[in-house]
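Q: Have a look at this one.
Following this line, the structure appears as structure tokens:
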């Protein structure tokens with residue numbers, strides 16, 4: 001467990017109470033190995049030690065690697081992609097549920113590729129489809145406990161993952177060739193979807209659903 005520091009720009013005096021609320025207790029940072037279940041159990045234990053409970057769980061870990069053909073995906077890469085992209089969601093949720101109660105919210109990050117496919121991301125898209133099924137089924141399982149489970153399926157979004165994953169010629173046109181808005185989105189344009197699903201004031205009647213901040217790409221539900 002390592003501690004982190006939040007940096008705030010100069011604030012007006014009336015924003016000070018909000019700043020103090022966000023920093024008390026201070027945020028906790030951890031860098032788990034997403035492979036073993038017991039490592040994710042350690043992360044949950046650290047959170048419970050610091051905060052005592054889990055109100056909102058966001059599963060967002062992912063890796064992706066381009067491959068022009070199925071034959072290029074070796075066994076080690078396939079297993080690593082599935083361990084990171086879906087097994088980590090399963091184990092983190094399994095361990096976290098012990099500390100969640102009525103009113104808690106689970107949010108899983110899937111992707112537009114689960115709906116539209118992507119020729120050079122077969123393994124990645126497969127995990128995102130698995131997350132979709134996981135989200136909908138878990139929502140049905142937990143609805144009687146008052147715990148909501150939903151997903152967010154972003155379209156092309158500018159993150160370090162994209163720059164590290166795609167070829168230079170694809171980065172140049174990233175998002176502009178597949179979205180009606182003719183551009184990739186920014187993380188700040190995706191964040192409100194998570195805030196909406198996390199809030200009982202905004203989404204208390206929403207479970208088993210997926211939000212689509214994707215620049216206007218039409219997908220089937």
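In UniProt numbering, the protein residues as written are 1 to 221. For every residue, glycine included, the Cβ atom is placed at its ideal position computed from N, Cα and C. Given the structure is predicted, the values throughout are model-derived calculations rather than measurements.
If I'm right that residue 211 touches residue 152 with Cβ under 8 angstroms, what's the distance once you round it to whole angstroms?
A: 5 angstroms
Q: Out of 208, 203, 209, 217, which one is the CA nearest neighbour of residue 103?
A: 203
Q: Output the boundary residues of the alpha helix (DSSP H) element that contains residue 53.
A: Unbroken run through residue 53: none, as it is neither H nor E.
Q: What is the rounded straight-line gap between the Cα of residue 106 and the Cα of residue 94?
A: Going by the C-alpha atoms only, they are around 11 angstroms apart.
Q: Suppose you measure from the CA of residue 148 to the CA of residue 53; what does that come to, to the nearest Å?
A: 16 angstroms
Q: Is it a yes or a no for the region 178 to 187 touching the region 129 to 139, going by three-plus beta-carbon pairs under 8 angstroms?
A: no
Q: Give every residue of the same chain whose Cβ lies closer than 7 angstroms to the Cβ of residue 49, excluding the five residues on either side of it in the sequence, and list them in chain order.
A: none
Q: Using only alpha-carbon positions, find the residue among 43, 143, 185 that is nearest to residue 216.
A: 185
Q: Mapping DSSP to helix, strand and coil, what is residue 214?
A: coil
Q: Between which two residues does the alpha helix (DSSP H) harbouring residue 93 extend?
A: 88 to 96
Q: Using the three-state DSSP reduction, which class does residue 81 fall into: helix, strand or coil?
A: helix
Q: Going by DSSP, what residues sit across from residue 60 in a beta bridge?
A: Answer is none; residue 60 lacks a bridge partner.
Q: Starting from the Cα of residue 157, find the closest Cα among 42, 171, 47 and give me that residue.
A: 171
Q: From what residue to what residue does the beta strand (DSSP E) around residue 195 run?
A: Run containing residue 195: none in the beta strand (DSSP E); it sits in the alpha helix (DSSP H), 187 to 198.
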